[in-house]
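Chains as they are written, first to last, in the numbering used here: chain Z, 4 to 421; chain S, -3 to 83. All residues carry an ideal CB built from backbone N, CA and C; glycine is no exception.
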Amino acid sequence: MTGYSALSLARQALTGHRSWPAAWRAPEPRARYQVVIIGGGGHGLATAYYLAKTYGITDVAVLEKGWIGGGNTGRNTAIVRSNYLLTANSHFYEHSLKLWEGLSADLNFNVMFSQRGMVNIAHSNAELSALHRRGNAMRLNGVDAELLSREDLGRLMPGLDLSPQARFPILGGLIQKRGGTARHDAVAWGYARAADTRGVDIIQNCEVTALRREGDRVTGVETTRGLISADKVAICVAGDSGRLAAMAGLRLPMESHVLQALVSEPVKPMLDVVAVSGALHVYINQSDKGELVMGGDIDGSNSYAQRGDPHTLDHVVESAVALFPSIRRLRMMRSWGGTVDMSMDGSPIITRLPLAGLYLNGGWCYGGFKGTPAAGTALAHLVATDQPHPVATRFTLERFDAGDLLDERGSGSSPWMH
Amino acid sequence: MRIPCPCCGPRAMAEFSYGGADLSRPVASLPLDAPSAPDAEWNDYVYRRDNPAGAHRELWFHAAGCRRWFAARRDTRTNDFLSEAGA
Ligand SMILES: Cc1cc2nc3c(=O)[nH]c(=O)nc-3n(C[C@H](O)[C@H](O)[C@H](O)COP(=O)(O)OP(=O)(O)OC[C@H]3O[C@@H](n4cnc5c(N)ncnc54)[C@H](O)[C@@H]3O)c2cc1C
Ligand SMILES: [Zn+2]
């Protein structure tokens, strides 16, 4: 592989950029691998990369039923942050954020990580106290957090409606300056290229249709491109986790739901932070192309449809306009949905399953993109050593049996409330 | 998505609240004897789900309508309602 650099760019420019080598190979699947990873989203690809890089395990295949990054990785709104309240989540996502800060250099691929700041807006005293509490928890966990007054918010976001006549008047906020956004596709491509370089086979258009087992051990997978044996099989399929678990005869503490997002036509720069309002159930930021990217809650009912109901989008747009009245005449260009793996307490699961050699990474809800580097690190560690990674020891299935939940929102086992 | 309320007929999804999968609750034998309570059954009931890609029996509340709770079956891949079984 040629490394990407200013020099290689200049050299390729001489031939009109027609002689770049493919960023990854398209090999035929072999009959056997040491490790098979199901799902070529960011998480599966990152797991393969860290297996090869950190643990020297390169006899690995990533099997993707469609094209890599075509699932939630390519559908998400790419917000990266570590502003969590609970200690276990805080440590995990902060570990992830630190990996993001070095990711482009590590992968030799520009993932366009932009630490533009992540702002939570409060509309009531109760919300403001909750943000104070969260900010304090973050600082105790070594994560950056600063409280913002109304005036601070006005300076950061000139378009924000700070008037007392606003639909929900704004009282203050909290910023994590190291939070921001990244380029979602680049994350899949960067990990794919870096894993491929180290010998990992990335096999697209290859759907896993059944698990092979002998006694209480997994021995491989049946796919649309034939039988593939493996010592270890790791499931990284987001919204399809339940389907894969069913192949192993397991029921998970998880439901699949649809989360939608939408973008406006592009406009001149007007918003250079990520803005979130919990009370209005909306978040909004501006892409490098100038489009306003926005989203809100999941639709609410179980879904594998990868599309949702317009009333959810109405709500998002109404809320965005309530925050930034000047955007009310913008046209919305596209909307889409992804099937998110909602765990019953809103926190992820990275674990061994009762079938020996079988591993699961899922339950990322609407927030697993930011967790991609750490999830890959933690799952690679688990697959390689059979021990949980130190930052992911609480992400077990047993926590549901023990009542030892990680419920950030305190909303109980109702995924549509998370 | 339009949801068939057994009382009002098909109405827009925005009028409804979701109540989750229609599950049958384990029977609690009285008097409650905590140490011998069937934890596994209750854990299953509270946390584990079939989460099918296909027919799903679920609860809906017609919050902005007749305010009736009812169960319905829906294909989670297409959002087609499969029956209007009342509850
Ligand atoms: C609209 C939307 C907005 C979001 N916004 C954010 C955000 O701002 N910040 C954030 O952190 N997170 C966000 N998320 C969540 C985030 O996208 C996901 O948690 C994360 O991308 C999950 O990555 P993954 O690799 O696990 O899943 P995916 O990228 O979905 O990858 C799973 C892959 O598995 C494949 N697969 C499934 N079944 C099989 C099979 N049987 N055989 C082979 N392959 C299979 C799928 O085709 C898919 O490519 C958002 C999600 C959505 C839908
Ligand atoms: Zn009704």
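For the 7 Å CB-CB criterion, residue 51/Z and residue 197/Z do not form a contact. Rounded to the nearest whole angstrom, the CA to CA distance from residue 77/S to residue 310/Z is 16 Å. Judged by their CB atoms, residue 65/Z and residue 43/Z are nearer to each other than the 7 Å cut-off. At a cut-off of 7 Å between C-beta atoms, residue 112/Z does not count as an interface residue with respect to chain S.
Proximity of chain Z to residue 23/S at the Cβ level (cut-off 9 Å) is not reached, the minimal Cβ distance being about 20 Å. Of all alpha-carbon atoms in 255/Z, 408/Z, 239/Z and 47/Z, the one lying nearest the alpha-carbon of residue 245/Z is that of 255/Z. Using beta-carbon distances, residue 44/S counts as an interface residue toward chain Z, with a partner under 7 Å. Counting only residues of its own chain and dropping the five nearest sequence neighbours on each side, residue -3/S has a CB closer than 7 Å to the CB of 9 and 75.
In the three-state scheme derived from DSSP, where H, G and I count as helix and E and B as strand, residue 364/Z is classed as strand. Residue pairing for residue 1/S: DSSP places it in a beta bridge opposite 5/S.
About 14 Å separates the CB atoms of residue 177/Z and residue 143/Z; that is not less than 8 Å, and the two are not in contact. Short note on residue 41/Z: C-beta closer than 6 Å to some heavy atom of ligand 1. Counting C-beta atoms within 10 angstroms of its own C-beta, residue 336/Z has fewer than 16 neighbours from the protein chains shown and is therefore classed as exposed. Remark: the C-beta of residue 15/S is outside contact range of ligand 2, defined as less than 6 Å to any heavy atom. When rounded, the separation of the alpha-carbon atoms in residue 41/S and residue 417/Z is 12 Å. For residue 48/Z, the uninterrupted alpha helix (DSSP H) segment begins and ends at 45 to 58. If you check the C-beta of residue 307/Z against ligand 1, you find no heavy atom less than 6 Å away. Straight-line spacing of the CA atoms in residue 110/Z and residue 23/Z works out to 17 Å. Ranked by Cα distance from residue 158/Z, the options 294/Z, 342/Z, 273/Z and 168/Z are led by 273/Z.
As computed with DSSP, residue 192/Z is found in no beta bridge at all. Taking a beta-carbon distance threshold of 7 Å, residue 10/S counts as an interface residue toward chain Z.
At a cut-off of 7 Å, the C-beta of residue 349/Z has no neighbouring C-beta in chain S. For residue 235/Z, the enclosing beta strand (DSSP E) starts and ends at 229 to 238. At a cut-off of 7 Å between C-beta atoms, residue 52/S counts as an interface residue with respect to chain Z. CA-to-CA, the gap between residue 194/Z and residue 202/Z works out to about 12 Å. DSSP lists 305/Z and 343/Z as the bridge partner or partners of residue 260/Z. Under DSSP, residue 56/S forms a beta bridge with 14/S and 66/S.
Contact annotation: the stretch 320 to 327 of chain Z does not touch the stretch 223 to 238 of chain Z, with fewer than three C-beta pairs closer than 8 Å.
Every residue with a CB closer than 5 Å to a heavy atom of ligand 2 is listed here in chain order: 1/S, 3/S, 4/S, 58/S, 61/S and 62/S. The beta carbon of residue 285/Z is closer than 6 Å to those of 299, 319, 322 and 323 in its chain, skipping five residues each way along the sequence.
Contact check between the stretch 3 to 20 of chain S and the stretch 363 to 373 of chain Z: fewer than three CB pairs, one atom from each, fall below 8 Å, which does not count as touching.
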